[in-house]
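Protein chains: 2
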Amino acid sequence: MAEIFEPLTVLSEQFNKLPGIGKKTAQRLAYYVLMQPDEFARDFSNALLDAKAKVRYCKTCQNICAGDVCSVCGNAKRDQSTVMVVKSPKELIAMEKTGEYQGVYHVLHGLISPMDGISPDDLTIKELLARISLGNIEEVILTLSPTVEGDATAMYLAKLLKPLGIKVTRIAQGLPMGSDIEYADEATLLMAWKERKEL
Amino acid sequence: MAEIFEPLTVLSEQFNKLPGIGKKTAQRLAYYVLMQPDEFARDFSNALLDAKAKVRYCKTCQNICAGDVCSVCGNAKRDQSTVMVVKSPKELIAMEKTGEYQGVYHVLHGLISPMDGISPDDLTIKELLARISLGNIEEVILTLSPTVEGDATAMYLAKLLKPLGIKVTRIAQGLPMGSDIEYADEATLLMAWKERKEL
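In the order they appear, the protein sequences are chains Y and V.
Numbers 50 to 248, taken from my numbering, label the letters of the first sequence in order.
Numbers 50 to 248, taken from my numbering, label the letters of the second sequence in order.
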């Protein structure tokens, strides 16, 4: 659309930078915004700036929040002796939706990945160690994906935390609920067989 | 994500207002923006405001443009006696991509649709009549989709323009290039048969 109306091309390129938004979809979205009342672009623009400007990280668990301490850490009813380690706020939100977990979290903001140049120093591991040094934490639950990066991070943390006398666990791997063994991939089936439990 | 970080929910709701962006995708996009450097949200915000603030409509053809007259109408090489009527700038862009059409356009900004409450008065038909009254237009090509709304608009315009001595044509309907008759829908096949041409 460059020759037709330059600012539309610029907007379309911005949409195109978002993950999963292709060139055609980006053009369609940019055109849609253009056809909306002025308030639409203004509200959208404010929401973008506001989210970015107001975001803080909880000084305890590193979760995103608006103040000093997030709503989970600030909740006196949560069990502060159990810390669930997650990759990002997205996994925290997924876990919170189950409504069952009563402990607190620690957000790593990434996983160890030599391929992407992400080392333990790039994660919030020193903040986790600082929390543990205060002496009130009994169990650390590693809720990390069963991927190369998730496994590497889990192993690194287990090696680091177990000598400190902390109980370190990792969420179970196996067949997902409601899945059909016939269609399970080999790696999952192998893992599920190895991790079998006595009934 | 409401309880976690309010401004992220607001941003996510903005993304959710875009066509084809569901709740889950909207959350993912909002979170992505939050994780980018400050410039990302700022550039995005500027692009939104800029596109909306700078958009003008060509005083000749009603196409979107940055100035008084669009790049097509302002091009002295284009044949000003042939006007192609399109629904929106998107169809104009699609036609321009073929690189063959040498005439000019008229953008209706919609199609007649009693179901959606869009009457001829809501479209740029009076602007089209004003152009025609200047006396230089010989042919009006209706490049309108073969849908209920496209048909209604084409019929309305033909009835209005033919008495003025203007040649009114509509783009051909039939089997799309490279398509297989076996898989053509009945309506298209029927139309293609009725519109058959002598070779």
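By construction, the Cβ of each residue, glycine as well, lies at the ideal position given by its N, Cα and C atoms.
None of these values were measured; they are calculated from a predicted model.
- With the rule of 3 Cβ pairs closer than 8 Å, the segment 64-77 of chain Y counts as touching the segment 74-90 of chain V.
- Nearest to residue 155 (chain V) by alpha-carbon distance, out of V:133, V:97, V:172, is V:133.
- Proximity of the segment 169-187 of chain Y to the segment 120-140 of chain Y meets the contact definition, three or more beta-carbon pairs being nearer than 8 Å.
- The beta carbon of residue 127 (chain Y) sits no closer than 9 Å to any beta carbon of chain V.
- Contact fails between the segment 99-109 of chain V and the segment 160-169 of chain V, because fewer than three Cβ pairs, one in each stretch, are under 8 Å apart.
- Chain-order list of chain Y residues neighbouring residue 154 (chain V): empty, with the shortest C-beta distance near 11 Å, by a criterion of under 7 Å.
- In the structure shown, residue 190 (chain V) falls within a strand segment according to DSSP collapsed to helix, strand and coil.
- In the structure shown, residue 173 (chain Y) adopts coil according to DSSP, grouped into three states.
- Note that the C-beta distance between residue 113 (chain Y) and residue 138 (chain Y) is below 9 Å.
- Comparing alpha-carbon positions, the option among Y:205, Y:210, Y:120, Y:204 lying closest to residue 188 (chain Y) turns out to be Y:210.
- The closest CA to that of residue 53 (chain V), considering only Y:94, Y:141, Y:80, Y:53, is found on Y:141.
- Neighbours of residue 94 (chain V) in chain Y, taken as residues whose beta carbon is under 7 Å from its own, are 94, 97, 98 in chain order.
- In the three-state reduction of the DSSP assignment, residue 150 (chain Y) falls in the coil class, being assigned neither a helical nor a strand state.
- Secondary structure at residue 245 (chain Y): coil, using DSSP grouped into helix, strand and coil.
- Residue pairing from DSSP places residue 114 (chain V) in a beta bridge opposite V:105.
- Rounded to the nearest whole angstrom, the C-alpha separation of residue 127 (chain V) and residue 215 (chain V) is 19 Å.
- Within the same chain, Cβ atoms closer than 7 Å to the Cβ of residue 198 (chain Y) are found at 160, 161, 162, the five residues on either side in sequence being excluded.
- In this chain, residue 136 (chain Y) is not harboured by any beta strand (DSSP E), its DSSP state being neither H nor E.
- Boundaries of the beta strand (DSSP E) around residue 216 (chain V): 216-219.
- For residue 107 (chain V), the closest C-alpha among the options V:120, V:190, V:200 is that of V:120.
- When C-beta distances to chain Y are compared with 9 Å, the residues of the segment 60-73 of chain V below that value are 60, 61, 62, 63, 64, 66, 67, 68, 69, 70, in chain order.
- In the DSSP assignment, residue 61 (chain V) falls within the unbroken alpha helix (DSSP H) covering 55-65.
- Assigned with DSSP and collapsed to three states, residue 129 (chain V) falls in strand.
- By the Cβ-count criterion, residue 151 (chain V) is exposed, with fewer than 16 other Cβ atoms from all chains shown falling within 10 Å of its own Cβ.
- In the DSSP annotation of this structure, the continuous segment of the alpha helix (DSSP H) that includes residue 197 (chain Y) starts and ends at 197-210.
- For residue 80 (chain Y), the uninterrupted alpha helix (DSSP H) segment begins and ends at 72-84.
- Contact of residue 87 (chain V) with chain Y by beta-carbon distance below 9 Å involves 101, 102.
- Closer than 9 Å to the CB of residue 185 (chain V) there is not a single CB belonging to chain Y.
- In the three-state DSSP reduction, residue 162 (chain V) falls in the strand class (E or B).
- The beta carbon of residue 205 (chain Y) sits no closer than 9 Å to any beta carbon of chain V.
- Apart from the 5 residues on each side of it in sequence, residue 190 (chain Y) sits with its Cβ closer than 6 Å to the Cβ of 133, 218 in its chain, given in chain order.
- Excluding residues up to 5 positions away in sequence, 130, 132, 180, 215 lie with their Cβ nearer than 7 Å to the Cβ of residue 186 (chain V) in the same chain.
- The beta carbon of residue 119 (chain V) sits closer than 9 Å to some beta carbon of chain Y.
- When 7 Å is used as the limit between beta carbons, residue 78 (chain Y) is near these residues of chain V: 67, in chain order.
- Residue 92 (chain V) sits away from residue 56 (chain Y), with the two beta carbons spaced by 9 Å or more.
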